[in-house]
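This report refers to the structure that appears directly beneath it.
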Amino acid sequence: MRSETSSLIILIIHLRLVKMSEFIPYGRQDIDENDIAEVEKVLRSEYLTSGPKVPEFEQKICHYTGARHSVAFNSATSALHVALLSLQVGKNDWVWTSTNTFVASANCAEYVGANVDFLDIDIQTGQICLDLLEVKLKKASKCNLLPKVIIPVHFGGACCDMERLHRMSLEYSFMIVEDASHALGASFNNDKVGNCKYSVATIFSLHPVKIITSGEGGILTTNIKSLHDRCCLYRSHGITRDSGEFVNENQGLWHYEQHLLGFNYRLSDIHAALGLSQLRRLDKFIKDRTAIRQFYEENLNCNLISLIQVTPNCESSHHLAVVSCNLDSEQHKQVFERLRSQGIGVQLHYEPVHLQPYYQRKGIDYNCPNAEYYAQRSFSLPIFPSLSQSSLQRICSQLEYELKNL
Ligand SMILES: *Cc1c(COP(=O)(O)O)cnc(C)c1O
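Every position in the sequence shown, counted from 1, becomes a number in this note's numbering once 5 is added.
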């Protein structure tokens, strides 16, 4: 009897330890029964794609962000590609974007044959540094190499001073396309990101790790009707069914026309239904993320690390919880590896894109020392709506332990 009791106790302790060391990812989706029911409804309906859910989703995104138009895509990468095509960016044009981003922010310019240059960041915020940008623009202006488009990346769910960037765009005549993949639900000057007050277009990602998800997906917002129309054309093979647009004589009810070389970048109704259902909980998700950010602020009691800052006048969606460490790069790597081995899914956002072999091969002298310094000292802690208090406590105490035992 006694040995049965003790083996039971051992089993319980073992199960607790297994539970304690469950892997905590840096981000994950939050799917509830309503989401599942909404997707199921589409599966039982007439249209799996090109049905009513996509326009309904687009309309709700317009309503949420305050933008006049929106176009849903099968990914943010597709949306970025089509945005540049629709703005007629191509060969001999320059596109500048942050080096502290996912590769898609730069690759979209490569797709259209444009040249890419990278912008260095402000180490305090991780956003593009507008002082350095100003210097770079002055220099480029002298040799006639100004960019046609700048793609600011709303890193971690916050943004740079968009008002100032907009003033610079007027002075140096470039267009702004916002890569807001991280920033659905964020605001600047009390306006929702995506309202395009300071840009020609804004792109959001709906990948599972982002603020809301449709499985895969992306959505573009704009206030420019002609840009919206071109994006729709590129999204679906360059084909129009609008008789008012026809170049040839209308042959009959079957007639449609291809006007340019487009793609199949459509979002399906199955995905749109999930996006729509998730959108209803967007504000709740932001609230949960904000509370987690606050927990970290209050419970990371170590002068070796600090959370990166949010630009004044910006309310972040808190896609990432990035800490900067006052450590050398060896110690940084050691803390990172130890946290991972303890089941805490820290991640680095990002290894600078200009250091990727693909961009290095171009032989361009990219100059982004701040981003390189930042990448050797930062990492993202887990942050997602269903992250529990006990997990948060475990993360904080483990981090504190690792820093003490360097
Ligand atoms: C996720 C992400 C993208 C790409 O989004 P997809 O929807 O996966 O194509 C682009 N830019 C940034 C900054 C991202 O984080």
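Where a beta carbon is used, it is the ideal one built from N, C-alpha and C, also for glycine.
From the options, pick the residue whose C-alpha is nearest to that of residue i; which is it?
i    : options                   : result
L105 : C319, L309, G161 and K409 : At residue 105 the sequence reads Asn, which differs from the Leu that was named. Nearest option by C-alpha distance: G161.
F389 : H187, N112 and S174       : H187
E27  : E51, D370, Y364 and S346  : S346
Y177 : P317, W259 and L138       : L138
V59  : H354, A77 and L225        : A77
D35  : S204, V117 and I217       : I217
I224 : E63, V47 and R73          : E63
A111 : E45, R172 and L89         : L89
L305 : L386, L232, F268 and S321 : L386
H324 : I349, P213 and E61        : P213
P152 : L85, E168, V121 and V87   : V121
A277 : L53, D37 and Y116         : L53
Can you have a look at residue i and say buried or exposed, based on whether 16 or more other CB atoms are within 10 angstroms of its CB?
i    : result
L238 : buried
G131 : buried
W101 : buried
Y406 : exposed
R235 : buried
N194 : exposed
L175 : exposed
N375 : buried
A42  : exposed
Y31  : buried
L92  : buried
D166 : buried
L150 : exposed
Any idea what DSSP makes of residue i, helix, strand or coil?
i    : result
E407 : helix
L386 : strand
G222 : coil
H233 : helix
N120 : strand
G350 : coil
I128 : coil
E335 : helix
L392 : coil
S282 : helix
F160 : helix
H74  : strand
C319 : strand
S146 : helix
F341 : helix
D274 : helix
S402 : helix
Answer yes or no: do residue i and residue j have a C-beta to C-beta separation smaller than 7 Å?
i    : j    : result
L266 : G280 : no
L211 : G222 : yes
S80  : C67  : no
G56  : D274 : yes
N39  : S219 : no
R240 : Y261 : no
P357 : C373 : yes
I128 : Y301 : no
M180 : V154 : yes
Output the boundary residues of the beta strand (DSSP E) element that contains residue i.
i    : result
C330 : A326 to C330
T207 : A206 to S210
L312 : I310 to L312
V100 : W99 to S103
D184 : M180 to D184
Between which two residues does the alpha helix (DSSP H) holding residue i run?
i    : result
V47  : E38 to L48
S80  : From DSSP, S80 is part of no alpha helix (DSSP H); its letter is neither H nor E.
V59  : K58 to T70
E303 : L287 to N304
E176 : M167 to E176
N375 : P374 to A380
Q414 : Absent from the structure is residue 414, since the part of the chain shown begins at 6 and ends at 411.
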